[in-house]
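Novice: Structure below; questions to follow.
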Amino acid sequence: MDHALDVPDLTADGGFTLRPWRLTDLPLVREASEDAYIPLITTVPAPYSEAEGVAFVERQWGRASTGTGYPFVIVAPGGRPVGNAGLWLRPEPDRASVGYWVVESARGRGAALAAVRAVADWALRDLALTRLELHVEPWNTASVRTAERAGFRRERLVRDGVRTAAGYRDVFLYARPEDGTRGTPRTGP
Numbered sequence: 001m002d003h004a005l006d007v008p009d010l011t012a013d014g015g016f017t018l019r020p021w022r023l024t025d026l027p028l029v030r031e032a033s034e035d036a037y038i039p040l041i042t043t044v045p046a047p048y049s050e051a052e053g054v055a056f057v058e059r060q061w062g063r064a065s066t067g068t069g070y071p072f073v074i075v076a077p078g079g080r081p082v083g084n085a086g087l088w089l090r091p092e093p094d095r096a097s098v099g100y101w102v103v104e105s106a107r108g109r110g111a112a113l114a115a116v117r118a119v120a121d122w123a124l125r126d127l128a129l130t131r132l133e134l135h136v137e138p139w140n141t142a143s144v145r146t147a148e149r150a151g152f153r154r155e156r157l158v159r160d161g162v163r164t165a166a167g168y169r170d171v172f173l174y175a176r177p178e179d180g181t182r183g184t185p186r187t188g189p
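Numbered by full-length UniProt numbering, the letters in the sequence shown go through residues 1 to 189 in order.
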């Protein structure tokens with residue numbers, strides 16, 4: 001991609017909102033860096049330092065400024081930042097990947113589901129994408145439920161499908177087409 005992207009504010013279910021990253025989100029980066037899993041599968045720094053936290057936020061800005069993705073902070077009702085959601089554009093002009101994480105202190109309250117639905121609905125409607133993909137490790141049952149409840153359909157297991165700081169990992173590939181099936185298998189052509 002060769003043009004900057006405008007990361008919009010999005011309204012999500014349950015009073016959650018999504019917005020671009022700010023330097024005032026460093027406490028969120030710090031909390032995420034202390035998670036046992038988030039730093040293994042993302043670029044969240046561990047251990048945390050303010051310089052590494054700033055670099056993380058600047059990387060999010062860089063994704064938008066280089067046209068490779070839309071990084072969002074998930075904000076809970078009341079204004080507390082609780083996670084990250086992203087739409088990462090692929091070389092194909094009509095496809096993208098969705099990613100997300102929520103800090104442990106905010107899990108179980110619907111933040112991930114609200115964010116994934118909002119990002120997916122916006123991407124399919126406003127960006128005219130025709131297919132969104134999402135990767136989930138098979139043991140991550142909470143993320144499996146989130147993907148499925150957000151209308152993504154499991155397509156297959158991809159062996160060594162994602163490289164993380166911990167090495168290659170198997171992942172389920174989920175997809176959500178733009179045709180309104182929201183995870184319902186198509187019948188016919």
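All C-beta atoms, glycine included, are put in the ideal place defined by N, C-alpha and C.
Note that the coordinates shown come from a computational prediction; the quantities given were computed from them, not determined experimentally.
Could I get the ranges of all uninterrupted beta strand (DSSP E) runs contained in the region 80-106, with 3 residues as the minimum, in chain order?
Specialist: Listed in chain order, they are 81-89 and 95-102.
Novice: For P27, which three-state DSSP category applies?
Specialist: For this step, residue 27 is matched to residue 27 along the sequence shown. In the structure shown, P27 falls within a helical segment according to DSSP collapsed to helix, strand and coil.
Novice: Which residue marks the beginning of the beta strand (DSSP E) containing E52, and which one marks its end?
Specialist: If you number the sequence shown from 1, residue 52 lands on position 52. For E52, there is no enclosing beta strand (DSSP E); the residue is found in the alpha helix (DSSP H) stretching over E50 to S65.
Novice: Please confirm whether A147 and Y168 have their CB atoms less than 9 Å apart.
Specialist: The sequence position of residue 147 within the sequence shown is 147, counting from 1. The sequence position of residue 168 within the sequence shown is 168, counting from 1. In this structure, Y168 does not lie closer than 9 Å to A147 by Cβ.
Novice: When you compare only the Cα positions, how much space is there between R95 and S49?
Specialist: As a first step, residue 95 must be located in the sequence shown, where it is residue number 95. As a first step, residue 49 must be located in the sequence shown, where it is residue number 49. If you take the alpha carbons of R95 and S49, they lie about 35 Å apart.
Novice: Suppose you measure from the CA of A123 to the CA of L87; what does that come to, to the nearest Å?
Specialist: For this step, residue 123 is matched to residue 123 along the sequence shown. For this step, residue 87 is matched to residue 87 along the sequence shown. Rounded to the nearest angstrom, the two C-alpha atoms are 8 Å apart.
Novice: On a CA-only basis, which of A64, S65, P45 and T66 is nearest F56? Give me that one, please.
Specialist: Within the sequence shown, numbered from 1, the residue matching residue 56 stands at position 56. Closest in alpha carbon position to F56, among A64, S65, P45 and T66, is P45.
Novice: Where does L10 fall in DSSP's three states?
Specialist: Here residue 10 refers to the residue found at position 10 when the sequence shown is read from its first residue. Three-state result, L10: strand.
Novice: Name the residue from R30, L127 and V98 whose alpha carbon lies nearest to the alpha carbon of V54.
Specialist: Here residue 54 is taken as the residue at index 54 of the sequence shown, counted from 1. With respect to the C-alpha of V54, the residue from R30, L127 and V98 having the closest C-alpha is R30.
Novice: Can you round the beta-carbon distance between I74 and A111 to whole angstroms, since I take them to be within the 8 Å contact cut?
Specialist: Start at 1 with the first residue of the sequence shown, and residue 74 comes out as number 74. Start at 1 with the first residue of the sequence shown, and residue 111 comes out as number 111. About 5 Å separates the Cβ atoms of I74 and A111, confirming a contact at the 8 Å cut-off.
Novice: Does DSSP put V44 in a helix, a strand or coil?
Specialist: As a position in the sequence shown, residue 44 is number 44, starting the count at 1. Residue state, collapsed to three classes: coil.
Novice: Put D35 into one of helix, strand or coil per three-state DSSP.
Specialist: Taking the first residue of the sequence shown as position 1, residue 35 is located at position 35. D35 falls in the coil class under three-state DSSP.
Novice: Look at the Cβ atom of L28, then the Cβ atom of A118, and state whether they are nearer than 9 Å.
Specialist: Looking up residue 28 in the sequence shown gives position 28. Looking up residue 118 in the sequence shown gives position 118. Their beta carbons are not under 9 Å apart, which means L28 does not touch A118 by this criterion.
Novice: Starting from A150, trace the beta strand (DSSP E) both ways and give me its first and last residue.
Specialist: Here residue 150 is taken as the residue at index 150 of the sequence shown, counted from 1. Taken as a continuous stretch (DSSP letters only), A150 belongs to no beta strand (DSSP E), as it is neither H nor E.
Novice: Under the three-state reduction of DSSP, which class applies to L18: helix, strand or coil?
Specialist: For the purposes of this step, residue 18 is taken as the residue at position 18 of the sequence shown. In the structure shown, L18 adopts extended strand secondary structure according to DSSP, grouped into three states.
Novice: Measuring straight from C-alpha to C-alpha, what distance separates P185 and G151?
Specialist: Sequence index remark: in the sequence shown, residue 185 carries index 185 (1-based). Sequence index remark: in the sequence shown, residue 151 carries index 151 (1-based). Residue placement at P185 is poorly supported in this model, since its pLDDT is 41, which falls under 50; the coordinates still yield a value, given next. Those two C-alpha atoms are separated by around 11 Å.
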